[in-house]
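> One structure follows; several queries about it will come next.
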Amino acid sequence: MKKNNQTERDSRQGIVIIGEKQSEQLHPVTKELIKAGQILAARSGQSVSVLICSDAAPFSAAKILLPILEEEQPPLILLGSTTFGRILGSSLSASLDAEIIMDASALRYDSDTDRFLITKSSPDGRHLADYTSASIKNREKPRPILVSVRQGVLSVHSSPDTCLAGSSSPDTCLTDSFSPNACLTGTDNVSPSAISGPFSLPEPLFRELSVPMEPRCGNDSSGRDSVTLVHRHKRSFSVPISEAKIILAQGRGLPGKEGAALLQKLCEKLHGVSGCSRPCADAGWQEKSHQIGQSGITVHPKLYLAFGISGAVQHMTGVKADRLIAVNNRADAPVFQYSDYGIVGDAENIIRCLLEKL
224 MKKNNQTERD
234 SRQGIVIIGE
244 KQSEQLHPVT
254 KELIKAGQIL
264 AARSGQSVSV
274 LICSDAAPFS
284 AAKILLPILE
294 EEQPPLILLG
304 STTFGRILGS
314 SLSASLDAEI
324 IMDASALRYD
334 SDTDRFLITK
344 SSPDGRHLAD
354 YTSASIKNRE
364 KPRPILVSVR
374 QGVLSVHSSP
384 DTCLAGSSSP
394 DTCLTDSFSP
404 NACLTGTDNV
414 SPSAISGPFS
424 LPEPLFRELS
434 VPMEPRCGND
444 SSGRDSVTLV
454 HRHKRSFSVP
464 ISEAKIILAQ
474 GRGLPGKEGA
484 ALLQKLCEKL
494 HGVSGCSRPC
504 ADAGWQEKSH
514 QIGQSGITVH
524 PKLYLAFGIS
534 GAVQHMTGVK
544 ADRLIAVNNR
554 ADAPVFQYSD
564 YGIVGDAENI
574 IRCLLEKL
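Its first residue numbered 224, the sequence shown is counted upward by one per residue in our numbering.
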């Protein structure tokens, strides 16, 4: 009887990934989470389930997902740090009485304690904290952890002779590709062939959920207006900054909306996309969606041009560029430590010179 209970408990455990679609395709962050979940599952002996919510409003999706998650009782639930994921995660966390960790920077499995470890930075970005799940195989009362991850953050970070080859150090860590010890840089490189030895990546079980659409406007059951349109924003068909090959970034050394407009002219010449540091976004010089760094988005361009950016670690954590060119009027600016090429000079003057030449 005890063996049957153990079998029943193990069969309902597993890592659950809540995915979403973008333009009828899996969202890029969902693809990254699937590969990360496969590796964590391989190390911990868990299964992987992927629940896809198509064209769903977060609260409607939560109603559909809640009974499934209550039945499966997963120790770890992964979802993207998108607008949809943040709202959905908060709703599910409250309903499941689960812990929630937003914007995790690393995930790993500790075989010694049989727990998942989640790393997250402090609000000021100066410290890192590790959060642990309950023991996977000895949970009397299942209490899952919901973890959201931003697109582009996860990649494999381990020694190929230890973590991936099944030696005495089987912990798997997924973190940013800034680490000099990374054996795979970018989750697109993670495949079953990347795991050697006795470990193999489990095949994820996909399930696409049919979620009824919530009304976006009109009246609720009481006859009151449920949604009021306060602003209509024209949709941009430009390349999303997370997918841009060339990014030109604005820092405080290129001040104001005038600086942003000047940078945009150069973007048009180079077929690039503009981004910015947090102070620029906070000042309203560019949209928050273009903020790059620890509290913004992580980008992977072929070329990154930093104009007037000092090079604070909070910003540079979000930059994974093949080539970085920095322009700053201070020769001792930290950004030059990260750059492949550096120009000491006024950012505005440099841009105007480039515009004249192009």
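Heads up, the beta-carbon is just placed ideally off N, CA and C, and yes, glycines get one too.
Under 8 Å between the Cβ atoms of GLU579 and LEU477?
As a first step, residue 579 must be located in the sequence shown, where it is residue number 356. As a first step, residue 477 must be located in the sequence shown, where it is residue number 254. Result no, Cβ atoms of GLU579 and LEU477 do not sit closer than 8 Å.
> Does the distance from the C-beta atom of SER512 to that of GLN473 stay below 8 Å?
Taking the sequence shown and counting its residues from 1, one reaches residue 512 at position 289. Taking the sequence shown and counting its residues from 1, one reaches residue 473 at position 250. Against a cut-off of 8 Å, the Cβ pair of GLN473 and SER512 comes out as no contact.
> For LEU377, which three-state DSSP category applies?
The residue you call residue 377 lines up with position 154 of the sequence shown. It is coil, neither helix nor strand.
> Please name the residue or residues paired with ARG338 in a DSSP beta bridge.
Position 115 of the sequence shown, counted from the start, is the residue given in the question as residue 338. Paired residues: ASP333.
> Report the rounded CA-to-CA distance for ALA484 versus ILE574, giving the unit in angstroms.
Counting from one through the sequence shown, the residue named residue 484 turns up at place 261. Counting from one through the sequence shown, the residue named residue 574 turns up at place 351. Roughly 11 Å separates the two Cα atoms.
> Report the start-end ranges of each alpha helix (DSSP H) in the region 476 to 541 that is 4 residues or longer and not cut off at the edges.
Correct list: 479 to 493, 501 to 505 and 536 to 539.
> Would you identify the three-state DSSP class for VAL462, choosing helix, strand or coil?
Numbered from 1 along the sequence shown, position 239 holds the residue referred to as residue 462. Coil, per DSSP.
> Which whole-angstrom value describes the C-beta separation of PRO298 and PRO367, a residue pair presumed to lie in contact below a C-beta threshold of 8 Å?
Against the sequence shown, residue 298 aligns to sequence position 75. Against the sequence shown, residue 367 aligns to sequence position 144. 6 Å between Cβ atoms; contact.
> Note the first and the last residue of the continuous alpha helix (DSSP H) segment covering GLY260.
Numbered from its first residue, the sequence shown carries residue 260 at position 37. It spans 251 to 267 - the alpha helix (DSSP H) in which GLY260 sits, taken as one unbroken run.
> Is the region 239 to 258 touching the region 321 to 332 in the sense that three or more CB pairs, one from each, lie closer than 8 Å?
Because the criterion of three Cβ pairs below 8 Å is not met, the region 321 to 332 and the region 239 to 258 do not touch.
> DSSP three-state call for ARG553: helix, strand or coil?
The residue you call residue 553 lines up with position 330 of the sequence shown. Here ARG553 sits in coil by DSSP.
> I need the straight-line Cα distance from ARG349 to PRO281, nearest angstrom please.
Looking up residue 349 in the sequence shown gives position 126. Looking up residue 281 in the sequence shown gives position 58. Using only the alpha carbons, I get a separation of about 32 Å.
> Compare the C-beta of SER316 against all C-beta atoms of chain B and say whether one is closer than 8 Å.
Among the protein chains of the structure shown there is no chain B, as only one such chain exists.
> On the DSSP letters alone, give me the boundaries of the beta strand (DSSP E) that THR355 sits inside.
Residue mapping note: residue 355 aligns to position 132 of the sequence shown, counting from 1. Its beta strand (DSSP E) spans residues 351 to 355.
> Which of the three DSSP states, helix, strand or coil, is assigned to ALA467?
What you label residue 467 is simply residue 244 of the sequence shown in a count that begins at 1. ALA467 falls in the coil class under three-state DSSP.
> Leaving out five residues before and five after LYS492 in sequence, what residues of the same chain have Cβ atoms less than 8 Å from its Cβ?
Start at 1 with the first residue of the sequence shown, and residue 492 comes out as number 269. LEU577, LEU578 and LEU581, listed in sequence order.
> How should PRO524 be labelled, buried or exposed, when 16 other C-beta atoms within 10 angstroms of its C-beta is the threshold for buried?
Position 301 of the sequence shown, counted from the start, is the residue given in the question as residue 524. Buried, since its Cβ has 16 or more Cβ neighbours within 10 Å.
> Which partner residues of GLU322 appear in the DSSP bridge assignment?
Along the sequence shown, read from residue 1 onward, the residue named residue 322 stands at position 99. Answer is ILE368.
> Which stretch, first to last residue, makes up the alpha helix (DSSP H) that contains LEU577?
Your numbering for residue 577 matches position 354 in the sequence shown. Note, LEU577: alpha helix (DSSP H), 570 to 580.
> LEU351: buried (16+ other C-beta within 10 angstroms of its C-beta) or exposed?
Looking up residue 351 in the sequence shown gives position 128. Classification of LEU351: exposed, given that the 10 Å Cβ count is below 16.
> Quick one, which of ILE566, THR521, GLY565 and GLN537 has its alpha-carbon nearest ALA544's?
Locating residue 544 in the sequence shown gives position 321, counting from the first residue. Checking every option, the nearest Cα to that of ALA544 belongs to THR521.
> Exposed or buried, ASP555, counting other C-beta atoms within 10 Å across all chains shown (16 or more means buried)?
Sequence index remark: in the sequence shown, residue 555 carries index 332 (1-based). Its Cβ having fewer than 16 others within 10 Å, ASP555 is exposed.
> Provide the residue span of the alpha helix (DSSP H) that contains SER304, from first to last.
Mapped onto the sequence shown, residue 304 falls at position 81. Element bounds for SER304: n/a, residue is neither H nor E.
> Please name the residue, chosen from LEU526, GLN296, GLY303 and GLY308, that lies closest to LYS254 on a Cα-to-Cα basis.
Residue 254 sits at position 31 when you count from the first residue of the sequence shown. Answer by Cα proximity: GLY303.
> Does DSSP put GLN296 in a helix, in a strand, or in coil?
Position 73 of the sequence shown, counted from the first residue, corresponds to residue 296. Three-state DSSP puts GLN296 in coil, outside helix and strand.
> Comparing alpha-carbon positions, which option in LYS480, LEU301 and VAL542 lies nearest ILE469?
Stepping through the sequence shown from its first residue, residue 469 is reached at position 246. For ILE469, the nearest C-alpha among the options comes from VAL542.
> Determine, using beta carbons only, whether VAL271 and GLY308 come nearer to each other than 8 Å.
Residue numbering aside, residue 271 sits at position 48 when the sequence shown is read from its first letter. Residue numbering aside, residue 308 sits at position 85 when the sequence shown is read from its first letter. No.
> Given GLN374, which residues of its chain have a CB within under 6 Å of its CB, disregarding the five upstream and five downstream residues?
Mapped onto the sequence shown, residue 374 falls at position 151. Same-chain partners within the cutoff: PRO251, VAL252 and SER465.
> Would you mind reading off the limits of the beta strand (DSSP E) that contains TYR564?
Position 341 of the sequence shown holds residue 564. Per DSSP, TYR564 belongs to the beta strand (DSSP E) from 564 to 567.
> SER533 to ARG331, Cα distance in whole Å?
The residue you call residue 533 lines up with position 310 of the sequence shown. The residue you call residue 331 lines up with position 108 of the sequence shown. Approximately 32 Å between the Cα atoms of the pair.
> Quick one: grab the DSSP three-state call for SER328.
What you label residue 328 is simply residue 105 of the sequence shown in a count that begins at 1. Note: SER328 maps to coil in three-state DSSP.
> Identify the residues that DSSP records as bridge partners of LYS543: which are they?
Here residue 543 refers to the residue found at position 320 of the sequence shown. According to DSSP, LYS543 bridges with nothing at all.
> Can you give the beta carbon distance from ASP353 to THR342, rounded, assuming they're within the 8 Å contact cut?
As a working mapping, residue 353 is identified with position 130 in the sequence shown. As a working mapping, residue 342 is identified with position 119 in the sequence shown. At roughly 5 Å, the Cβ-Cβ gap stays under 8 Å, so ASP353 and THR342 are in contact.
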